[in-house]
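Under the UniProt record's numbering, the sequence shown has 111 at position 111, and the numbering climbs by one with no breaks. Think of the CB as a built atom: it goes at the ideal place given N, C-alpha and C, for glycine as much as any other residue. Everything numeric in this text was worked out from a predicted model, so none of it was measured. Notes follow once the structure below has been shown.
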Amino acid sequence: MKSIKKEYSNGEVTVVYEPDLCIHSGVCFKGLPQVFQPGTRPWVKMQGGSTQEIINQISRCPSRALSFYMNSPEKTEEEKGPTKALETGRKVEVLENGPLMVEGPITLVRANGKREAMEEVCYFCRCGSSKNKPFCDGSHEELGFKE
C-alpha cells in the first residue's frame, strides 16, 4: 500500500504532510491556526504565516507527519537535483568510530523516568564503555572502537 504525501508551498518553503503518520495531537493548529485549519480544504493555508513561523511550528509536530523543504526557485529542475528535506531543528549524526552527536533542543528521558532538557549539542556513547552513560566520555578511543 502506497503512503500518501501532500505538499503545500508558498514559493519559499514546501510543507509535506503524511496523513498515515499523523496522531492528531492538534499541536499544528493550536500553535498556528491561521495556517493549519483541519476540516477545510486545503487544510494548510500557506499564506497565513511567515516561512519562519511555519518552519517553527512544523518542528513541534510530535509524529513528524509534517515536514518541510526549502524551495530553490532560482534553479531549474535539472540544476536542483533530487529534493531533500531539511533538518527541522534537530540533528543526529553518527560520528565515524565514535559517539552519536545530537543537536538540541531535545528532552532526554533516563531509564528512571527523569527528564532533562538538553539545549546544546550532546554526544551519546555507542561503544558501551563510557563511565558517564548515556554520554560519551571518550572511552571508545582507548578501546579502539570501530564500526
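- Here the C-alpha atom of Val44 lies approximately 47 Å from the C-alpha atom of His140.
- In the DSSP assignment, Thr14 forms a beta bridge with Ser9 and Tyr69.
- Listed as beta-bridge partners of Cys122 by DSSP are Val102.
- In the structure shown, the three-state DSSP call for Glu141 is helix.
- Look at Val35 here: in three-state DSSP terms it is coil, with no helix or strand label.
- Within the DSSP bridge table, the entry for Phe135 names Phe124 as partners.
- Looking at Val13, Gln34 and Ser63, the one whose alpha-carbon comes closest to that of Met70 is Val13.
- In the three-state scheme derived from DSSP, where H, G and I count as helix and E and B as strand, Lys91 is classed as strand.
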